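Numbering (my numbering), first residue to last: -11 to 79. Below: the structure, in structure tokens.
Okay, here's the thing in structure tokens:
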């Protein structure tokens, strides 16, 4: 399940197309703090290596999100900086 917006409301979208809403008050519980240390010389050359690294290093704390349509129970959140440093965070 991935986070998204629909008509101004925050939701999770499942790979099967099902939607599940979540509230702003609960969204603080979804923050995952992981310090990532790496060398600029390290290179990941294949998609398989990237996915393996993400599985090993970016564990999500979301456990109660289960798709009601297909039963898929993995939610993934990522924060990426697509703004300048002095702007607020956008989800």
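Where a beta carbon is used, it is the ideal one built from N, C-alpha and C, also for glycine. Since the model is a prediction, treat every value here as computed from it, not as a measurement.
Given that a residue counts as buried once 16 or more other Cβ atoms are within 10 Å of its Cβ, and exposed if not, what is residue i?
{"i": "residue 4", "result": "exposed"}
{"i": "residue 58", "result": "exposed"}
Where do the ends of the beta strand (DSSP E) carrying residue i lie?
{"i": "residue -1", "result": "-3 to 1"}
{"i": "residue -10", "result": "-10 to -6"}
Using only CA atoms, which one of the options lies nearest to residue i?
{"i": "residue 1", "options": "56, 75, 74 and 72", "result": "56"}
{"i": "residue -1", "options": "75, 53, 72 and 60", "result": "53"}
{"i": "residue 60", "options": "-5, 8, -7 and -8", "result": "8"}
{"i": "residue 63", "options": "-6, 6 and -5", "result": "6"}
{"i": "residue 45", "options": "25, 34 and -7", "result": "25"}
What are the start and end residues of the alpha helix (DSSP H) that includes residue i?
{"i": "residue 8", "result": "No alpha helix (DSSP H) contains residue 8, which is instead part of the beta strand (DSSP E) from 7 to 9."}
{"i": "residue 44", "result": "35 to 45"}
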